[in-house]
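A.B. asks: Numbering (our numbering), first residue to last: 18 to 173. We put the CB at the ideal spot given by N, CA and C, even for glycine. Remember, predicted model here, so these are calculated numbers, not experimental data. Have a look at this one before I ask anything.
Structure below.
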């Protein structure tokens, strides 16, 4: 049973690594948080919510897998090698494919003019909501740009 709980700790360490070292992971996480904040303003079915959650999880998982592949390639091939470049490029392509698919899902789920109008009218009707949105955008940009470190300390 202890090994079971350790697996969660290892997974948490992986997520923490991505948060600290991968700007794109932080970008995807911020977008996910905004989507989760604004999605309740739309009338979504249970199936649409499931698709939304799966899509967001897929993008974050693809980014984490990309990070794992990049680090494994860097470890096994410290010098630039064409095959290493291909592995990294293909992993990055997987993230791009998932990201584009998530944008398509977002357009389908949230591209409802009436509900978008209600959302924006409600948001811009009260100055404190605008201020809160601007503050959250500022904090999000700081988190994305300054939220991590590219330096990776080895276990040597």
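1. Taking the continuous alpha helix (DSSP H) assigned at residue 71, which residues delimit it?
2. Pop quiz: residue 38 and residue 166 are said to be a contact at Cβ under 8 Å. What is the actual Cβ separation, rounded to whole angstroms?
3. If we cut at 8 Å on Cβ distances, does residue 55 have a partner in chain C?
4. Quick one: measure Cβ to Cβ for residue 109 and residue 88, integer angstroms, because I've assumed they're closer than 8 Å.
5. With distances taken Cα to Cα, identify the nearest neighbour of residue 61 among 125, 145 and 146.
6. Confirm, please, whether the CB-CB distance from residue 122 to residue 49 is below 8 Å.
7. Counting only the same chain and skipping the five closest in sequence on each side, list residues whose C-beta sits under 6 Å from that of residue 58.
8. If you follow the alpha helix (DSSP H) that residue 163 is in, where does it begin and where does it stop?
9. Starting from the Cα of residue 111, find the closest Cα among 95, 98, 160 and 85 and give me that residue.
10. Determine the contact status of residue 6 and residue 45, defining contact as a CB-CB distance below 8 Å.
11. Measuring CB to CB, does residue 161 end up less than 8 Å from residue 47?
C.D. replies: According to the data block:
1. What you label residue 71 is simply residue 54 of the chain shown in a count that begins at 1. First-last of the alpha helix (DSSP H) with residue 71: 63-93.
2. Taking the chain shown and counting its residues from 1, the one referred to as residue 38 is at position 21. Taking the chain shown and counting its residues from 1, the one referred to as residue 166 is at position 149. Between residue 166 and residue 38 the Cβ distance is about 6 Å, and since that is below 8 Å, they are a contact.
3. In the displayed structure, chain C is absent; only one protein chain is listed.
4. Taking the first residue of the chain shown as 1, we reach residue 109 at position 92. Taking the first residue of the chain shown as 1, we reach residue 88 at position 71. Contact flag wrong, Cβ pair sits at about 13 Å.
5. Position 44 of the chain shown, counted from the start, is the residue given in the question as residue 61. For residue 61, the nearest C-alpha among the options comes from 125.
6. Position 32 of the chain shown, counted from the first residue, corresponds to residue 49. Position 105 of the chain shown, counted from the first residue, corresponds to residue 122. Taking 8 Å as the Cβ cut-off, residue 49 and residue 122 do not qualify as a contacting pair.
7. Numbered from its first residue, the chain shown carries residue 58 at position 41. Only 136 meet the Cβ criterion.
8. Translated into positions along the chain shown, residue 163 becomes position 146. Looking at the DSSP string, the run of the alpha helix (DSSP H) that includes residue 163 is 144-163.
9. Residue 111 sits at position 94 when you count from the first residue of the chain shown. Ranking 95, 98, 160 and 85 by Cα distance to residue 111 puts 85 first.
10. Not covered by the structure: residue 6. The range shown for the chain is 18 to 173.
11. Locating residue 161 in the chain shown gives position 144, counting from the first residue. Locating residue 47 in the chain shown gives position 30, counting from the first residue. Yes, the pair counts as a contact, with Cβ atoms nearer than the cut-off.
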